[in-house]
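Enquirer:
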Amino acid sequence: DGGITQSPKYLFRKEGQNVTLSCEQNLNHDAMYWYRQDPGQGLRLIYYSQIVNDFQKGDIAEGYSVSREKKESFPLTVTSAQKNPTAFYLCASSMGFPYNEQFFGPGTRLTVL
Amino acid sequence: AQTVTQSQPEMSVQEAETVTLSCTYDTSESDYYLFWYKQPPSRQMILVIRQEAYKQQNATENRFSVNFQKAAKSFSLKISDSQLGDAAMYFCAYRSSQGGSEKLVFGKGTKLTVNP
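The listed protein sequences derive, respectively, from chains S and Y. Per this note's numbering, the very first residue in the first sequence carries number 6; after that it's consecutive. Per this note's numbering, the very first residue in the second sequence carries number -19; after that it's consecutive.
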């Protein structure tokens, strides 16, 4: 079955540690995205990538980093510079412009202890 | 910058009844896309329906339909014959049609409760 997988489902981090969230897709989509969701808020874009080896900052990129070495993979690293990292993180993909539907993974819940 | 507003934090409906969720947006663009996403308790975001701004006809997907009023910048979702499985958070989202502007701008969501 084609789809988007995110791992782990739950992640706990101590303050000062970097953590990496995994996102993999087998939909052959060109574009991939990372969103953050906080309680009572909609989703906010962290980073996105339209092609391999290229990515752009979204609205809240500070304290995060990404890489896009393979079409299928778009990992997100939450660094110690992110002041309030506890949130629900959603990865999405799309075929890229002009196709506009984004399909989402099941998400990762990150908690800072 | 575009913004999306969902003025109803919570709504409730009786099973088998009809409910309408509101969404307004602000943009200076003439061509764009609008979406409704559903987020059930599993937290998986599911696309419910999409609307292209250049199309005058309102989109329909089974029990889900939209009322797209371009001049008023309004994009409401109507759910007919509500079912218990419709209970979820619903998010309205906007996407520019300009190449390179691929991000979705989301509203804060409406929590829908379906009462048996």
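Ideal placement from N, C-alpha and C gives every residue a C-beta, glycine not left out.
Around the C-beta of ALA97(S), are 16 or more other C-beta atoms found within 10 angstroms, so that it is buried, or is it exposed?
Expert: Buried: at least 16 other Cβ atoms inside 10 Å.
Enquirer: Could you have a look at LEU64(Y) and say whether DSSP puts it in helix, strand or coil?
Expert: Helix at LEU64(Y).
Enquirer: What did DSSP end up calling LEU65(S) once you bin it into helix, strand or coil?
Expert: Here residue 65(S) turns out to be Ile, not Leu, going by the sequence shown. The answer is coil: DSSP assigns ILE65(S) none of H, G, I, E or B.
Enquirer: Going by beta carbon distance, what residues of the same chain come within less than 8 Å of ASN58(S), once the five residues before and after it are set aside?
Expert: Answer for ASN58(S): ARG73 and GLU74, listed in chain order.
Enquirer: Using beta-carbon positions only, say whether THR84(S) and ASN23(S) come within less than 8 Å of one another.
Expert: Their beta carbons are under 8 Å apart, which means THR84(S) touches ASN23(S) by this criterion.
Enquirer: Can the beta-carbon of LEU50(S) be found less than 8 Å from the beta-carbon of THR113(S)?
Expert: Against a cut-off of 8 Å, the Cβ pair of THR113(S) and LEU50(S) comes out as no contact.
Enquirer: Are the beta-carbon atoms belonging to ASP35(S) and ALA92(S) less than 8 Å from one another?
Expert: The answer is no: Cβ separation not under 8 Å.
Enquirer: Measuring straight from C-alpha to C-alpha, what distance separates LEU57(Y) and GLY63(S)?
Expert: Rounded to the nearest angstrom, the two C-alpha atoms are 27 Å apart.
Enquirer: Residues of chain Y with CB closer than 7 Å to the CB of LEU95(S), please, in chain order.
Expert: Neighbours of LEU95(S) on chain Y, chain order: MET25.
Enquirer: Report yes if the C-beta distance between GLN61(S) and TYR53(S) is below 8 Å; otherwise report no.
Expert: Contact flag set, yes.
Enquirer: For chain S, find out if any of its Cβ atoms is closer than 8 Å to the Cβ of ARG43(Y); answer yes or no.
Expert: By this cut-off, ARG43(Y) is not an interface position.
Enquirer: Measure the Cβ-Cβ separation of SER62(Y) and GLU(-3)(Y) and say whether it is below 8 Å.
Expert: Cβ distance < 8 Å, so SER62(Y) and GLU(-3)(Y) count as in contact.
Enquirer: So, at 6 Å on beta carbons, what are the nonlocal neighbours of GLU29(S) in its own chain, with the 5 sequence-adjacent residues on each side left out?
Expert: Taken in chain order, the residues that qualify are THR10, GLU77 and SER78.
Enquirer: At 7 Å on the CB atoms, spell out the chain Y contacts of GLU106(S), in chain order.
Expert: Within chain Y, the residues near GLU106(S) are LEU27 and ARG30.
Enquirer: Alpha carbons only, please: which of GLU67(S), LEU115(S), MET100(S) and TYR40(S) is nearest the one belonging to LEU84(Y)?
Expert: Nearest C-alpha to LEU84(Y): TYR40(S).
Enquirer: In the structure shown, what three-state DSSP assignment does LEU32(S) receive?
Expert: The answer is coil: DSSP assigns LEU32(S) none of H, G, I, E or B.
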